[in-house]
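In this note's numbering, the protein residues as written are 291 to 471.
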């Protein structure tokens, strides 16, 4: 059975990889990637973001906050799974590739929800200092894509996996019925 792929899913996995790895690089290279660091030139846009989301800032680093690097590690794992899906679906044409894509998207969705939940449960301790426009522009709006798109991927790939399992079950029932006769 050929692997069913979706261009938009593959493009999401492919085009988001550099962004995700760039973000993880910023996190793992702190303080060198931060304002004043010798590598900050590569992460210049974080000049704004480390002020908007304090988990990315100097104080969190000095306090030894581990969440930023923990989520960056998860980003690397998710990106590996995204590339694995692309390879298995498009080059190896391995039918269960959709399971890898679904798993990666579920990890992304869960991590992003955790990201928002952490802010909610700490009373917006790292984003609450922003005005509404800044918060929406630099934190809510960019991050909401990491909820919406993975949710659609989970739905589409999950639907395909269910269809394959249903087909396999019917085939197994037919074989069992033939053996009983």
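Glycine included, each C-beta is placed from N, C-alpha and C at the ideal position.
Predicted, not measured: the structure shown is a model, and the values here were computed from it.
Counting only residues of its own chain and dropping the five nearest sequence neighbours on each side, residue 396 has a CB closer than 7 Å to the CB of 444.
Taking the C-beta atoms as reference points, residue 353 is found no nearer than 8 Å to residue 347. Between the alpha carbons of residue 335 and residue 323 lies a distance of about 11 Å. Rounded to whole angstroms, the gap between the alpha carbons of residue 298 and residue 326 is 39 Å. Annotation for residue 436: 398 and 402 place their beta carbon closer than 7 Å to its own, counting only its chain and skipping 5 residues before and after. Per the Cβ contact rule, the segment 457-468 is not in contact with the segment 302-317 (fewer than 3 Cβ pairs under 8 Å). By the Cβ criterion, the segment 375-388 is in contact with the segment 447-454, since at least three pairs of Cβ atoms, one from each stretch, lie closer than 8 Å. Under the three-state reduction of DSSP output, residue 325 falls in the coil class, being neither helix nor strand.
Here DSSP, grouped into helix, strand and coil, assigns residue 318 to helix. Residue 294 sits in coil when the DSSP states are folded into three classes, being neither helix nor strand.
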